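Novice:
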Amino acid sequence: MAGKATASGSNAAVEADARAVPPGWQVSRLRYGFNEIDGWPGFAFSDNRSEIQRRLSLMNTEIIRLFVFDKPVPDPFKRWDFFAAVVDAVLACGAKPMITFAKFEPPHHDPVRIERFVKRATEIVWNCLEQWGGEEVKDWYWCVWNEPNNPDVGGNLSYRDYLTIYRAISEPVVELLAPHTKTARVNIGGPSIDGTQRAYWLDWIAQLLDDIDDDHLAFVNWHMYSDWRPAAPVETVKVKLVDDPASPNGPVFESLVMARTPQYEARARSVARLIGERDILNFCGELNTIAHHEHEFTGGLNRNIFGAAYYASAILNLMRGSADLEMRWTATSKHWFGRDDAYGLLTNDGVPTPPALAKQIIAQHVRRGDLIHFPSQDPELCGIDAVVAQGENGRTSVVLVNTHPTTRRIELPRIGGGAERCHDGLRLDAATGGRVTRVQAADTITIEGYGLAILSEDASRTIID
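Okay, so the sequence shown: first residue is 1 according to our numbering, each after it adds one.
1) Output needed for Thr437: all residues of its chain with C-beta closer than 8 Å, excluding positions within five of it in sequence on either side, in chain order.
2) Anyone know if the C-beta pair for Val401 and Ser313 falls short of 9 Å?
3) Between the C-alpha atoms of Leu275 and Phe82, what's the straight-line distance to the nearest angstrom?
4) Can you say whether Pro72 is buried or exposed, counting buried as having 16 or more other CB atoms within 10 angstroms of its CB?
5) Going by the beta-carbon positions, is the gap between Thr261 and Thr396 smaller than 9 Å?
6) Out of Met319, Asn304, Trp228, state which residue places its alpha-carbon closest to the alpha-carbon of Ala268.
7) Taking 9 Å as the cut-off, decide whether the C-beta atoms of Cys128 and Ser192 are in contact.
8) Is the region 379 to 386 touching the region 346 to 359 in the sense that three or more CB pairs, one from each, lie closer than 8 Å?
9) Starting from Tyr159, trace the alpha helix (DSSP H) both ways and give me its first and last residue.
10) Under 9 Å, do Leu371 and Pro22 count as touching if we go by C-beta distance?
11) Where does Glu277 land, buried or exposed, given buried means 16+ other C-beta within 10 angstroms?
12) So, are the CB atoms of Tyr225 and Trp329 less than 9 Å apart?
13) Based on Cα-Cα distance, which residue from Trp201, Val86, Arg116 lies nearest to Ala168?
14) Would you report the Cα separation of Ile454 and Leu163, rounded to the nearest angstrom?
15) Mark Ala20 as exposed unless 16 or more other C-beta atoms lie within 10 angstroms of its C-beta, in which case mark it buried.
16) Which residues share a DSSP beta bridge with Arg116?
17) Buried or exposed: Tyr310, going by 16 or more other Cβ atoms within 10 Å of its Cβ?
18) Classify Thr289 as buried or exposed, calling it buried when 16 or more other Cβ atoms lie within 10 Å of its own Cβ.
19) How would you call Gly417, buried or exposed, if buried means at least 16 neighbouring beta carbons within 10 angstroms?
20) Mind listing, in chain order, the continuous beta strand (DSSP E) runs of no fewer than 3 residues lying wholly within the region 179 to 261?
21) Report the residue from Trp222, Leu287, Ser170, Ala85 whose alpha carbon sits nearest the alpha carbon of Asp203.
22) Looking at Pro354 and Arg303, is the spacing between their C-beta atoms short of 9 Å?
23) On a CA-only basis, which of Arg273, Phe306, Asp243 is nearest Gly250? Give me that one, please.
24) Could you check which residue in His423, Val257, Ala206 has the C-alpha nearest to that of Asp443?
25) Smallest Cα separation from Leu176: which of Val68, Val137, Tyr32?
26) To which residues of the same chain is Ile28 closer than 6 Å at the C-beta, ignoring the five residues directly before and after it?
27) Along the beta strand (DSSP E) that carries Glu51, what are the first and last residues, could you check?
28) Using a Cβ-Cβ cutoff of less than 7 Å, which residues in the same chain neighbour Asn282 once the five nearest sequence positions on both sides are dropped?
29) Please state if the CB of His335 and the CB of Gly39 are separated by a distance shorter than 9 Å.
30) Pull up the DSSP beta-bridge partners for Cys466, would you.
31) With a cut-off of 8 Å, do at least 3 Cβ pairs link the region 110 to 124 to the region 86 to 98?
32) Spatial neighbours of Ala84 within its chain, please: CB distance less than 7 Å, with the 5 preceding and 5 following residues excluded, ordered by chain position.
33) Do the CB positions of Gly344 and Arg65 come within less than 9 Å of each other?
34) What would DSSP say about Asp465, mapped onto helix, strand or coil?
35) Just the C-alpha distance for Phe34 and Ala356, rounded to the nearest angstrom, thanks.
36) How many Å lie between Val14 and Val174 at the Cα?
Here it is, written out as structure tokens:
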């Protein structure tokens, strides 16, 4: 069993909250983050980059994940200036980068390939220290590989091969960064495991926790999309089902997809149970509705009002499960053949989709370190995800998410936690045309179909546009 190190301070923002936590409340640990992979040209170089970065700042974005050695991303060895510009864009959002050493070509057990991979990774770390300085870089995050258990994405490594690579990289990275972190720990982790298409994903986290000590493992990282199968009839799209069944379509598929959001809480709690009392963070490193970049495949469910309700519900379930980070795949859309892909929260022009607006208003009302309260089970609230948040400045807000396509009228006294005092509101649902509208509520609030509402004692300061 890997040894337990002394606390590194990685949870300092939560631990420093000296307020007493009343019964039925907890402290929110959740950081907001993003993957910024395919859409990096718009994020870092487009004429709209300032607007994209402003929106991500409004979402209280703390960590943005970047790739090296995979996908069409800037190669630091060929265009360091491009890579540096993307990192600078992350910092301009007020966030810290998570540099992911994504993969190398097989065979993955080859010592020569591993040595070359480690040398390239450590050279990137060294150059980051040279360009941005140790005082800045010490707070960055470093991730080893991306979905090693996925044949199409990460090469379908064995766990033993992955462990060899992890140890080979983590040792020199920690050695380079430790003089700058001083008593704190280097933020390195993995395995960014695919929990959508692949069974036994939790095995990898359990084994990594057992094999690596806390000085070389600051976080564990897992991925979950609701489904990877198409929202359209399988004969109309390109998909490799192999031995898996075709997905249902239409309202049945929507209900199935939305029914999985409680798994975010369950998975976060499972990982937390494996972590135990060790000072290791619990990251949901990728999430979205459907794991595909084409609109014909997703049926719009990643970026429409349904996608907004799904994402809001996932965020609340991760909060309830005490996850430390959520990272949407992705922040900025990639421009494919004259149109945006089906992943991005923001268009390539910086225009927010409904899920972007949902996150933007949630992040302004529920922050890491807030006291949060989830209502007890109530038949009248079936299908409604809810959280009440209290900030140190006395702010009280309630977030309500309707996960059903029908109109719901919610009585605020049923929520508890002071929700009945919140009357100044925001609404984003099937009736608001993809925009946030300001509303006033007495003792009830109506959400028309999929969507969400936020009520506060003063929602007028919420930035929407």
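All C-beta atoms, glycine included, are put in the ideal place defined by N, C-alpha and C. Only a predicted model underlies this, so the values are computations on that prediction, with no experimental measurement involved.
Specialist: From the atom records:
1) Leu426, Arg427, Leu428
2) yes
3) The amino acid occupying residue 275 in the given sequence is Ile; Leu does not appear at that position. Straight-line Cα distance between these residues: approximately 37 Å.
4) exposed
5) no
6) Met319
7) no
8) no
9) 159 to 181
10) yes
11) exposed
12) yes
13) Arg116
14) 44 Å
15) exposed
16) None; Arg116 has no bridge partner.
17) buried
18) buried
19) buried
20) 187 to 194, 219 to 227
21) Trp222
22) yes
23) Phe306
24) His423
25) Val137
26) Note on identity: in this sequence residue 28 is Ser, with Ile being the wrong assignment. Excluding residues within five positions, the ones whose Cβ falls inside 6 Å are Met319, Arg368, Asp370, Ile372.
27) It is not in any beta strand (DSSP E) - Glu51 instead sits in the alpha helix (DSSP H) that spans 49 to 58.
28) Val220, Ala268, Val271, Ala272, Ile275, Ala323, Asp324
29) yes
30) Since the first residue of the chain shown is 1 and the last is 465, residue 466 is not available in this structure.
31) no
32) Gln131
33) no
34) coil
35) 11 Å
36) Only weak support is given to the placement of Val14: the predicted model assigns it a pLDDT of 46, under 50, and the question is left unresolved by the model.
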